[in-house]
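**Q**
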Amino acid sequence: MALGLSNDEIAERLVISPLTAKTHITRAIAKLNVRDRVQLVILAYESGLIRPGVWRRPPDDQCVSDGRAAYSTRSALES
Numbered sequence: 002m003a004l005g006l007s008n009d010e011i012a013e014r015l016v017i018s019p020l021t022a023k024t025h026i027t028r029a030i031a032k033l034n035v036r037d038r039v040q041l042v043i044l045a046y047e048s049g050l051i052r053p054g055v056w057r058r059p060p061d062d063q064c065v066s067d068g069r070a071a072y073s074t075r076s077a078l079e080s
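Convert by adding 1 to the 1-based position in the sequence shown; the result is the number in the working numbering.
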């Protein structure tokens, strides 16, 4: 979401349905008591969960792919 992805794009990357992606985002907004996706992203930056300009696609040897999406086998917090 912090990358500006739509629900469909998030779903594709996580290999889940768009409705499931939307549900997760809606629940995160409610649990963190923020107004919308924008505030959710701001909270992620302010809490240090993500840093500007740091995201990059992991090397192929650290990715898992099912033909539709690739994701890292390492946690973003490990790097």
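Beta carbons: idealized from backbone N, C-alpha and C, even for Gly.
All figures in this text were calculated on a predicted structure; none of them were measured in a lab.
Helix, strand or coil, according to DSSP, for V42 in the structure here?
**A** By one-based count along the sequence shown, residue 42 stands at place 41. Helix.
**Q** Do A22 and N8 have their C-beta atoms within less than 8 Å of each other?
**A** Locating residue 22 in the sequence shown gives position 21, counting from the first residue. Locating residue 8 in the sequence shown gives position 7, counting from the first residue. Yes, these two residues count as a Cβ contact at 8 Å.
**Q** Counting only the same chain and skipping the five closest in sequence on each side, list residues whose C-beta sits under 7 Å from that of K32.
**A** On the sequence shown, position 31 is the one that residue 32 refers to. So the list is empty, once near-sequence residues are dropped.
**Q** Ignore the nearest five residues each way along the sequence and tell me which others in I129's own chain have a CB closer than 6 Å to its CB.
**A** This structure leaves residue 129 out entirely; the chain is present only between 2 and 80.
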